[in-house]
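With the first letter of the sequence shown counted as 1, position 106 gets the number 106 in full-length UniProt numbering; the numbers rise by one all the way through.
Idealized CB from N, CA, C, for every residue including glycine.
Right, one structure below, let's go through it.
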Amino acid sequence: MDAEEYLHMKEREMMEEYGAVILSQRNEIEQLQRRCSELLHERSFMRASVAEDVRQFCVGHLQRQQAQQQRASGRLATSSACVQSIPVLHLLQFLHQYTSGVVPVMETEKRKRPRETGTGGICPNTPHQQRLVQRMITRRRLCIREGDSEESLQGIEVQSAEQPICADQVH
1 MDAEEYLHMK
11 EREMMEEYGA
21 VILSQRNEIE
31 QLQRRCSELL
41 HERSFMRASV
51 AEDVRQFCVG
61 HLQRQQAQQQ
71 RASGRLATSS
81 ACVQSIPVLH
91 LLQFLHQYTS
101 GVVPVMETEK
111 RKRPRETGTG
121 GICPNTPHQQ
131 RLVQRMITRR
141 RLCIREGDSE
151 ESLQGIEVQS
161 AEQPICADQV
171 H
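Listed below in structure tokens is the structure:
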């Protein structure tokens, strides 16, 4: 066996060895990709499960609260209340309980700004009144924003005496 044959033999051995290493790495990568896919799938199911737990808790809590309010006002709770939205405070309280205190409960008193209430010192007592006040505030903000955007487009300066005309002011 001469040197050239020896080099070709060593080259084939190295190629076979490298081929085996590459094949084993490909197999390992495929296994890791499958495991990653399984974990992502499992995580999405866990998130869906947690979201359903949060939803069920909030809906149940709101229904109990509405039933208590109806009993307190003297009416019987014969029909189930339609829940369209869940207050953030209830959601945060549930998450605080659900995570054993990891998720903090936000203090809502600090978030309210007195200038945005716009009720003139009147404090709404019922949720219905609170929604009406919130709608009124939202309409005022929209009218102010629309007026500001129109004036900025036209290049007119904003005068403090002018008020934009809103749909609820026309009536």
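Contact holds between the stretch 91-98 and the stretch 49-60, because three or more Cβ pairs, one in each stretch, are under 8 Å apart.
Taking a contact as a CB-CB distance under 8 Å, the pair His90 and His128 does not count as one, their CB atoms being some 18 Å apart.
Ala72 has its alpha-carbon roughly 22 Å from the corresponding atom of Leu132. DSSP places Pro87 outside both helix and strand once states are collapsed to three, so it counts as coil.
Arg141 and Asn125 have their C-alpha atoms some 23 Å from each other. For Asp53, the enclosing alpha helix (DSSP H) begins and ends at 3-72. Under the three-state reduction of DSSP, Thr126 is assigned to coil, being neither helix nor strand.
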